[in-house]
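This report refers to the structure that appears directly beneath it.
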Amino acid sequence: RQVLKTASEHVQNSIRTQGSHVVRSNSKTLPPHALDESHHRVNSETLVDIYAMSKCNFLLHSFSAVAEAAIYVNLNLHKNSINLEDPKAPSPQEFERMVSSLMGRNNTTS
841 RQVLKTASEH
851 VQNSIRTQGS
861 HVVRSNSKTL
871 PPHALDESHH
881 RVNSETLVDI
891 YAMSKCNFLL
901 HSFSAVAEAA
911 IYVNLNLHKN
921 SINLEDPKAP
931 SPQEFERMVS
941 SLMGRNNTTS
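The sequence shown maps to residues 841 to 950 in this note's numbering.
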């Protein structure tokens, strides 16, 4: 969330999500496939997440098998993604500069 607070309006307006209508767990210990939802639905939504994420030019993620799968599908994400849980990850400002430079924009915050 800190990254979103520090990102420029252009970056914030470029963020896409699946929305709140998909199966999500509210627990840090209970994964979505352990919910009472259909395994087929959860599996299908996970595949949609993977392929949707793989279409991104940039990816902010945590330690996640879904994020890793998206990176395997789109190898450009290997250099254009940041794991926010990695202590060696660039700061939000460094990521914004990287995104802006790759998008051909020079009006970043410092």
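Glycine residues also receive a C-beta, built at the ideal position from the N, C-alpha and C atoms.
Own chain residues within Cβ distance below 6 Å of residue i, not counting five before or after
i	result
Ser894	Ala910, Val913, Asn914
Ala907	His901
His918	Ile911
Asp889	Val906
Pro927	none
Euclidean distance between Cα positions of residue i and residue j
i	j	result
His901	Asn923	5 Å
Asn946	Arg881	Its pLDDT being 46, under 50, Asn946 is placed unreliably by the model, and nothing is read from it.
Ser941	Ser884	35 Å
Asn920	Phe898	5 Å
Asn916	Glu849	24 Å
Asn853	Arg937	16 Å
Cys896	Gly944	16 Å
Cβ pair residue i, residue j closer than 8 Å
i	j	result
Phe903	Glu925	yes
Residue(s) in a DSSP beta bridge with residue i
i	result
Leu900	Ile922
Spatial neighbours of residue i in its chain, beta-carbon cut-off 7 Å, leaving aside the 5 residues before and after
i	result
Thr886	Val906
Contacts around residue i, its chain only, beta-carbon distance under 8 Å, and the 5 residues preceding and following it disregarded
i	result
Pro930	Ile922, Met938
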